[in-house]
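Order-wise, the sequence lines are chains L and A. Per our numbering: the first sequence = residues 286 to 575. Per our numbering: the second sequence = residues 286 to 575. Some notes on the structure that comes next.
Number of protein chains: 2
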Amino acid sequence: MFNKVCIIGVGLIGGSIARAARKQNLCQNISAFGREQDLDNLQRAKELGVIDSYSSVLSEAVMDADCVIIATPVGAMSLIFEQLQPLWSKHTLYMDAGSTKASVVAALKTVFSDIPENFVPAHPIAGAENSGVDAARDDLYFGKRLILTPMTETAPEFIQLAQDFWQKFGSNVTLMEIEQHDAVLAATSHLPHILAFSLVNFLGKKDETADIFKYAAGGFKDFTRIASSDPTMWLDICQANKEQIIPLIEQLCVELNGVKAKLEQDQSQALFDSFSYANQARQRFLDQQK
Amino acid sequence: MFNKVCIIGVGLIGGSIARAARKQNLCQNISAFGREQDLDNLQRAKELGVIDSYSSVLSEAVMDADCVIIATPVGAMSLIFEQLQPLWSKHTLYMDAGSTKASVVAALKTVFSDIPENFVPAHPIAGAENSGVDAARDDLYFGKRLILTPMTETAPEFIQLAQDFWQKFGSNVTLMEIEQHDAVLAATSHLPHILAFSLVNFLGKKDETADIFKYAAGGFKDFTRIASSDPTMWLDICQANKEQIIPLIEQLCVELNGVKAKLEQDQSQALFDSFSYANQARQRFLDQQK
């Protein structure tokens, strides 16, 4: 499918793309780019066989690549676009793998006065609480959703190429408007992460004085799993998508205050209805996952 | 250990107590009590071998029992105490298995002018989102915390008997003040359930119009698992412990509004610190679970 794929940022996401591309025989060669301080990690990626070569000089890493994938935190993409701009090739497919899309496209538009037709914004909805290239897996994207949010400028043939690429990993590819992507992900992923971080933050302080964690059970463990996610990455995502996230926090507090009022006023039926609706809504979610 | 154990309410919790008692050879005989409308369930429990006999007449079910365990929803305990009161035996160990303790003891005190010395409030911190006797397991309590909250009136020999009983199931038994129990459980269990119900309620309504659930991933699945819990049971628990839960909802909203303000004001370092603290606090929780 490609001669050379270049991965910019070889962590869990970039490393898993490299492993899947190799497993599916989608390219001859995989190079990687990272900063000076990432060289140990890149060396590790090479030793693991995730990539074939690496460089901290971008022009070397992307040379002759016909597919370039930016898998850095979303906050770093501005800088990457600036460095890529003079090296841009018309014949190469460029994609990112960021969890937010409006911020990535805004960064692209700051750097390029003419929006390139061969950049396809992409978001694989997959991850794990472990990070780093050691956690990379060739099946991370298998059976998972992958959202592409092409711009009006994006050429259909590059959209098709991007779609084929991810489908070869076994991903379920959907095309979506940028705004819709960011709204959906704010609700189903970013808000839950903020909730988990906030709850564990709040209870962690109580635990310091009242030793509560040792009485927490399995439900608490599952509920707070996403609070073990990487703080740097999530700071980045939350800031990049704050326009969508802020109103959701407000609305959720309205919902919580509603539960509080129902408890205060002993509105049993209304509380029961609300818990039952949630129970049924989650069943609808589970049925869809099958 | 006992001649006859009587279980009042044979669902997941009561059924698992019966199964564990039989497996550990803690009694000769297991009877059960349920209401008229529970007879099918009791028949099912008998067919499964969980219990030996059952009756919808309480005096029959508890006759000659030297251990009686009330495993009904906490909201039903008032009624059970009223019915048990004329049948009360001084030589029998009585326990409940409810998730809240102040409400259970309050119900007891309404019925008994002299607080019986042989009632030991107990709470096995174990469960599953599946309910009913079919989900009962003989190892549900193995390796799990069990909290006893004896009153000043409770006799030491009955506390010891209760402790021995649960330890034989492999439970890790702790004695605690009633108020402390309810505060700890409100924080680590009741608040997370309310959060999960509230989030799924809120997002479920969005899903009806915007189809968001199909883009939710594994993190969302784990985070919302407890929203699949039984609404009736949780209505009961939340109402029984509302004095503890209401201030926690308020405090959590303060925490969420803090995150919102930090996002609005681009306070990156403060946000990072808060996410990092949560990440480390969860690690502390995980380390304690080992």
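A virtual CB, placed ideally from N, CA and C, is assigned to each residue, including glycine.
Exposure label - residue i; buried when at least 16 CB within 10 Å
| i | result |
| --- | --- |
| L/Pro371 | exposed |
| L/Thr357 | buried |
| L/Glu462 | exposed |
| L/Arg569 | exposed |
| A/Gln529 | buried |
| A/Asn310 | exposed |
| A/Ala350 | buried |
| A/Ala566 | buried |
| A/Thr395 | exposed |
| L/Asp399 | exposed |
| A/Thr494 | exposed |
| A/Gly334 | exposed |
| A/Thr437 | exposed |
| A/Asp496 | exposed |
Euclidean distance between Cα positions of residue i and residue j
| i | j | result |
| --- | --- | --- |
| A/Val295 | A/Ala468 | 27 Å |
| L/Tyr562 | A/Leu520 | 13 Å |
| L/His466 | L/Ser363 | 20 Å |
| L/Gln524 | A/Ser553 | 8 Å |
| A/Thr459 | A/Ile432 | 5 Å |
| L/Lys453 | L/Ala411 | 16 Å |
| L/Ala472 | A/Ala501 | 9 Å |
| L/Thr517 | A/Ala512 | 29 Å |
| A/Val347 | A/Phe318 | 8 Å |
| A/Ala447 | L/Ser483 | 38 Å |
| L/Glu442 | L/Asp449 | 10 Å |
| A/Gly428 | L/Ala413 | 27 Å |
| A/Val389 | A/Val359 | 7 Å |
| L/Trp373 | A/Ala555 | 37 Å |
| A/Gly489 | L/Gln313 | 45 Å |
| L/Ala420 | L/Glu332 | 14 Å |
| A/Asn288 | A/Trp451 | 16 Å |
| A/Ile336 | A/Tyr379 | 18 Å |
| A/Gly503 | A/Asp492 | 17 Å |
| A/Pro435 | A/Arg329 | 34 Å |
| L/Asp551 | L/Phe557 | 11 Å |
| L/Phe505 | L/Phe397 | 47 Å |
| L/Ile444 | L/Glu321 | 33 Å |
| L/Pro401 | L/Glu345 | 21 Å |
| L/Leu470 | A/Lys375 | 60 Å |
| L/Lys575 | A/Leu571 | 30 Å |
| L/Met286 | L/Asn403 | 16 Å |
| A/Arg430 | L/Ala361 | 45 Å |
| A/Asn564 | L/Ile522 | 16 Å |
| A/Ala464 | L/Glu464 | At residue 464 of chain A the sequence reads Glu, which differs from the Ala that was named. About 48 Å. |
Whole-number beta carbon distance between residue j and residue i, since they are thought to touch under 8 Å
| i | j | result |
| --- | --- | --- |
| L/His478 | L/Asn526 | No, L/His478 and L/Asn526 are not in contact; Cβ-Cβ is about 11 Å, not under 8 Å. |
| L/Gln368 | L/Leu343 | 5 Å |
| A/Ile298 | A/Ala382 | 5 Å |
| L/Ser316 | L/Ser338 | 5 Å |
| A/Phe487 | L/Gln573 | Actually they do not touch by this definition, with Cβ atoms about 18 Å apart. |
| L/Ser416 | L/Asp507 | With a Cβ gap of about 20 Å, L/Ser416 and L/Asp507 do not count as contacting. |
| A/Pro409 | A/Ser341 | Going by Cβ atoms, the distance from A/Pro409 to A/Ser341 rounds to 25 Å, so no, they are not a contact pair. |
| A/Asp423 | A/Lys308 | 4 Å |
Beta-carbon proximity check, residue i vs residue j, cutoff 8 Å
| i | j | result |
| --- | --- | --- |
| L/Cys352 | L/Thr377 | yes |
| L/Val405 | L/Thr439 | yes |
| L/Val544 | L/Ser559 | yes |
| L/Ile292 | L/Ala303 | yes |
| A/Phe366 | A/Ala407 | no |
| A/Ile636 | L/Leu548 | Nothing in the structure corresponds to residue 636 of chain A, since chain A is present only between 286 and 575. |
| A/Leu541 | L/Ile534 | yes |
| L/Ile354 | L/Val290 | yes |
| A/Ala546 | A/Thr509 | no |
- Segments assigned alpha helix (DSSP H), at least 4 residues, entirely inside the region 348-421 of chain A: Within the region 348-421 of chain A, the complete alpha helix (DSSP H) runs of at least 4 residues are 362-369 and 387-396.
- Task: Counting only runs of 4+ residues fully inside the region 482-522 of chain L, write out the alpha helix (DSSP H) ranges in chain order.
- Result: Runs of the alpha helix (DSSP H) lying entirely within the region 482-522 of chain L and spanning at least 4 residues, in chain order: 503-508.
- Scan the region 535-560 of chain A and note each continuous alpha helix (DSSP H) run of 4 residues or more that stays entirely inside, going in chain order. As far as the region 535-560 of chain A is concerned, it has no whole alpha helix (DSSP H) run of at least 4 residues.
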